[in-house]
Every structure is written in structure tokens, then in C-alpha cells.
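In the working numbering, the protein residues as written are 69 to 510. Backbone N, C-alpha and C fix where the C-beta goes; we use that ideal spot for every residue, glycine too. The structure appears right after this line, and notes come after that.
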Amino acid sequence: MRYDVAVIGAGPAGLFAALELADSGLSTVVVEKGQAPRERRSITCGVGGAGAFSDGKLNLTPRIGGDPAAIGCSVAELAELIAYVDHVFTRYGAPAQYSGEDPKALARLKKAAAEAGVEFISGRQRHIGTGCIREVIDAMYRDLLDRGVAFRLGDEVKAIAWANDEFVVDLGEEQIHAGAVIAAPGRVGAYWLREVARSLGVGPQFGPLDVGVRVEFPAELYDPIERVMYDAKFRVRTPTYDDMVRTFCTNPRGFVVQEDHDEFVLVNGHAENECKTENTNFALLVHIELTDPVEDTTEYGRAIAKLATTIGGGRPILQRLKDLQQGRRSTADRIRRVSIQPTLAAFTPGDISMALPHRVVVDLVEAIDVLDRIMPGIASEGTLVYAPEIKFYDTQYRVGAGMETGLPGFYVVGDASGHSRGIVFAALTGILAARHIKARPG
Ligand SMILES: Cc1cc2nc3c(=O)[nH]c(=O)nc-3n(C[C@H](O)[C@H](O)[C@H](O)COP(=O)(O)OP(=O)(O)OC[C@H]3O[C@@H](n4cnc5c(N)ncnc54)[C@H](O)[C@@H]3O)c2cc1C
């Protein structure tokens, strides 16, 4: 089969690219190794990507979720694109509620954070919610089918080659030919993509990596902040190493979940619309940059993830904060003494300091102590920590206008490009690529 455009991956980046290409007169196929929205079970794979199993917190500010300069967009252009992505989500059924809109409450929180030595990054957010986002993604998917976009579900792209002036997308037993390729395989496909990109001569560079834990604690501790901003972002500079540690993806009354990768497991979190827990969780991540001679942050991150998975016996490690602070392993019995119930069902009680680098552990413990000044109680005995939480945005591609790589017609978008860290930025990079293709002569 031959198409004008082949989109690899049906996460937010791939879906928004396809929406933009529908009705353009260009034939488009989306190849997705997972299943349709109503059939999928995987957290990371299937139509909607990792985004469809998230609780759909849309960060509607250029300051959260990506690096505007790296994708060549002015702040004004970005603001327009962000508003457009938000508009599309509402058109397919996202609820019309925002948080983070009360300037006085935001200013009060910013002041309190500053007094505690914490940076608070504010911004408008829409919270779609887990149940609803699956409906929204399903509506998008059905609309794309109605508008003539072809979907190849359950097909994994093995390789991409450039031959005779076209791309050859190898599905193993079959090949798809395309005039342009938009690669949007997400974090789950980022490692695969870097090999493909190298074979095409557009190998990536390595950027910083975020390594840390998921922190879970009684929901009441976060209630006052949630009233100001649902998923508030905080940054702390640690006393010992002066490293940057940030909170990310807060899930009020949510769940900690396991993310399965080929060779390791990670933790993540989400919140359901209908099913609330008594706990809140957020990621606490240490920002790591490597320089000569070890620049391959991806391999470094994978080595940490594999070590943690080995120590956890194939499951995430869970430790009481108190045990981590005091340098001893948590046992099942010690976990039972905590006042909250862990929301992740399958875990191994253990010692996170055996799995994460010493510097990261020191940073995390110190950051929780600082955050305790704005979320009193978080550094206390009721807090649990899960590892490993690692965000692989570190494989970064040099892109020109419209997310095009050095190979004309080959675009990398979304989290796998290293230029997005959330649904909104992933979606808008997909839009940029599709618009660039539509504007190409011939
Ligand atoms: C549990 C969880 C909660 C989250 N919560 C939020 C949140 O509230 N707000 C937010 O902004 N972000 C959240 N995120 C992050 C967000 O989901 C991602 O940033 C976003 O989905 C990235 O979009 P993407 O299109 O780049 O990639 P993805 O959504 O990861 O989609 C990539 C798709 O490509 C497919 N694929 C990969 N390789 C291949 C291949 N070789 N062949 C065919 N198909 C392939 C995968 O199956 C997948 O469906 C969350 C993530 C998780 C896991």
C-alpha cells in the first residue's frame, strides 16, 4: 500500500497530526501497535497512547510540558496552538472546567512557596479525568475513521527505510510506502526510534534525564493546594548538591500505577473520575545532566530502571519515607504500620537506596523536607515512596520548522522527540508536523 503520510503511533501527537491531515486531500495511515480505545488494556499502548490512560490533566501554558525554543515556536504561536488543542479536546467532549485561574489564590501560593524556598509554576489547567478522556479519545478515533484516515491497529513498525524517493515502513510481513513519515511512538517507543533514526542518518542528541520516585500521602495534606491548582508544579534546589528537584503529575485522591516496559517496570500515577482514594500522589524527580565521557542519558536511565526492577523482583519497590530517611529496608510489616493503604496492589517492600544513585536519594529526601514547609505533614511517617519513576525525554532530535528532521519528509513528534513532556505539547508538535507537510509543494 502507498500513502502520502504514515503516522507511527496513535498517542496525542499522532492523533492530532492525523486530525490535521484529515480532509487535506493527503492519504494518511496511522500505524499503532496497540488496540482501539474501547479494547485496549495497556497503560502505554493503544489508540490515545499513554495519554488515554492518564487522567487527562491538560497543562495550558507554554511554561509546562515542553521547550518552546527547541521547536522554533514563539510564545505567541504556542499560546495559539495550546488554545487550539484545548478547543479540539472540548469539541470531542472534554468537560468545560479549569483550575489555576484565580490570580489572588495563585499569588498567595506563590508567596508562601517563595518564603519556603520553593518555586511554584502556575498555569491554567483543564482536568478531563480518566473515564472521560477515554470517551474523548474514542470520539476522536471514530471521527478520523469517518473522515477517511486509515488505521492499522495491532501492527508494530519494525524499521523505516528511505529508498527510491519514498519511505518504506516495515511491519514485518508487509510494507507500507509513504511520501512522508511522522514518527510519534511516545516514551514507550523512544528507544526503538533512536535506532531507526540512526539508520536514517538523523541520530539524536542526549538531553537531561529525570529520575526519582512517586510519593504517596494522605489526600488532606494536598487539599489546600488543590483548591488553587489541581496539579501544582513545584521546584526545589537541594541543600547538599544544589540539584533541581521537581514535583510532576500530581493525582489528588488518585492511584499509583505500574508502567510496563520491555526490560523493566516504572511507576506512574493517575486519578479516576468516579473512583477516588484517600491518597494523593505525585512524581518527585531529580534533573540529571551528563557530560563527557558519559553522555548517553538514555542508557544511564535504563541501567537504573533495570537495577531497580531486579531489586524489586520485577515489581516496583515500595518504602516508607521514614525507612528511606533512616537507611533501612521496609518490610511488609512496616508498610502495614503506615496509616494509609498503598494504592498500587503489586509491589515489593524494599530499600530504594539500593536501586537509585546515592546523590538522587539525598536529593529526594532533602526535597521532601523542603516541600513539607508548604505541604505540612508530607515529610512525616504516613508517607510512602515508590521507585523507579523515570521520565525518558532525554533522546532529543534536532528539528527544523514543523518538527522536520535533517531528512526531508521525516518528522519526529511527541514525547519520543524529546521536545514534549505531556499531552498538550505532544499534540501541538503533531499539529506542527502535519501543517508543515500540508504546506509542502507538490
Ligand atoms: C499513567 C500516566 C499518566 C499521565 N498523566 C498525564 C496527565 O495527566 N497530563 C499530561 O499532560 N500527561 C500525562 N502523562 C504523559 C502523557 O500521557 C504523554 O506525555 C503523552 O501521551 C505523549 O504523547 P505521544 O503521542 O508523544 O506518545 P504516547 O501517548 O506514548 O503514544 C505513543 C503510541 O505509539 C505506539 N507505538 C510505539 N512504538 C510503536 C511502533 N514501533 N509501531 C507502532 N506503534 C508504536 C504506542 O503503542 C503508543 O500508543 C501521563 C502518562 C502516564 C503513563
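- The beta carbon of Val492 is closer than 7 Å to those of Leu126, Asn127, Leu128, Gly133, Ile150 and Val153 in its chain, skipping five residues each way along the sequence.
- Cys317 carries a strand assignment under DSSP once its states are collapsed to helix, strand and coil.
- Of the other Cβ atoms in all chains shown, 16 or more fall within 10 Å of the Cβ of Gly477; this residue is therefore buried.
- Ile76 sits in a strand when the DSSP states are folded into three classes.
- At least one heavy atom of ligand 1 lies closer than 8 Å to the C-beta of Leu126.
- DSSP lists Leu334 as the bridge partner or partners of Glu327.
- With a cutoff of 9 Å on beta-carbon distance, Phe460 and Thr366 are scored as near each other.
- Val270 is not a Cβ neighbour of Gly82, given a cutoff of 9 Å.
- In the DSSP assignment, Ile403 falls outside any beta strand (DSSP E) and within the unbroken alpha helix (DSSP H) covering Ala400 to Arg404.
- For Asp206, the shortest C-beta to heavy atom distance toward ligand 1 is 8 Å or greater.
- Not one heavy atom of ligand 1 falls within 8 Å of the beta-carbon of Thr345.
- By the 16-neighbour rule on beta-carbons within 10 angstroms, Glu241 is exposed.
- Contact check for Thr348 against Ala300 fails: the beta carbons are separated by 9 Å or more.
- Shortest gap from the CB of Gly490 to any heavy atom of ligand 1: under 8 Å.
- For the beta strand (DSSP E) assignment, the uninterrupted runs of no fewer than 3 residues enclosed by the region 470-503 are, from N- to C-terminal side, 478-480.
- Distances from the CB of Ser190 to the heavy atoms of ligand 1 are all 8 Å or more.
- In this structure, Asn336 sits away from Thr198, with a CB-CB distance that is not shorter than 9 Å.
- For Glu242, the distance from the CB to the nearest heavy atom of ligand 1 is not below 8 Å.
- Per the DSSP secondary-structure output, Val186 pairs in a beta bridge with Val304.
- A straight-line Cα-Cα distance of about 6 Å links Lys344 and Gly322.
- Across the structure, Gln393 and Ser488 are spaced so that their CA atoms are roughly 33 Å apart.
- Nearest Cα to Gly418 within the set Val453, Asp440, Tyr290 and Ser448: Val453.
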